[in-house]
Amino acid sequence: MTKNKFSFQSIPGWVYTLVVFGFLYLSGLHTEAIGQVQRVLLATGIMEPALPEIPANQPAMDDKVSAETFPDAMAANDFLLQDLQGNTVQFSNLKNKVIFLNIWATWCPPCVAEMPGIQRLYDKVKGNKNIAFVMLSVDQNGMEKVKKFIAKKGFTFPVYLPASNIPAVFQTQSIPATFILGKDGKLATRHNGMADYDTKEVKEYLEKLAK
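Here the working numbering runs 188 ahead of the position in the sequence shown, where the first position is 1.
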């Protein structure tokens, strides 16, 4: 009587795939792994955000501009942000600035994929006092997880969590979602899904809005 000998070669390929994905999921590494794959896609340059034309006669802004000039997101005192040091900030404090707002989460692979590009964009324009970044995390597991993620990645752009309800103008069914507001407080453009923001076009777009 011949005994059946166990052989790894007899195991179907789908079992290995299931084991690998199971390990990645249970270890929490699946987000990073998928993000790395999507980062390769971003590197092809085929996922750049669409940027509308900026009117040549942008209205000049000054410190006396009324809150009515801004959409609800800018004018509402009840839209509060909390930075990673626990400080509460009113979003309306950023009026008269161009705002790059990105809604993301640590568990979101496309968010993880596009964040290095956003960091590089931030590094290139952070010296411009008229441009502000708001990386708004919608993680439900508290600030500590977000802080650990940011520290691990070495990101230095400003990160916040919502401290009140997010205004309707920034409501989105999926993340990442990116909104760019002009100095007049109006929404200049938005992009749903991941994109490569580390481009000459995006940098010049922000700088032109900031003039």
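Every residue gets a Cβ at the ideal spot worked out from N, C-alpha and C, and that includes glycine.
Please read these numbers as outputs of a predicted model, since none were measured by experiment.
Going along the chain, which residues of its own chain have a beta-carbon closer than 8 Å to the beta-carbon of T276, five neighbours each way excluded? L268, L269, Q270, A351
For P355, name the three-state secondary structure that DSSP assigns. coil
Top-ranked residue by Cα proximity to M382, from P346, E389, A301: A301
Where T366 falls, given that 16 or more other Cβ within 10 Å makes a residue buried: buried
Return the chain-ordered ranges of every beta strand (DSSP E) run that is complete within the segment 293–369 and spans a minimum of 3 residues. 319–325, 347–350, 365–369
Would the beta-carbon of L289 fall within 8 Å of that of F358? yes
State the Cα-Cα distance for the pair Y310 and D386, rounded to the nearest angstrom. 9 Å
Can you tell me whether F267 is helix, strand or coil according to DSSP? coil
What did DSSP end up calling L272 once you bin it into helix, strand or coil? coil
Specify the secondary structure class of L375 as computed by DSSP and reduced to three states. strand
Determine the closest residue to A429 out of A238, N318, Q278, Q273, with distance taken between C-alpha atoms. Outside the displayed span of the chain (189 to 399) sits residue 429, for which this structure offers no information.
Cβ-Cβ distance between N284 and K371 below 8 Å: yes
Beta bridge counterpart(s) of L289 as assigned by DSSP: V322, F367
Who are the Cβ neighbours of A293 in its own chain at under 8 Å, not counting the five residues just before and after it? C299, S325, V326, D327, I363
Alpha-carbon spacing of H379 relative to I368, whole angstroms: 9 Å
For N380, which of helix, strand or coil comes out of DSSP? strand
Are the CB atoms of T377 and L282 within a distance shorter than 8 Å? no
Distance CB(N318)-CB(V286) smaller than 8 Å: yes
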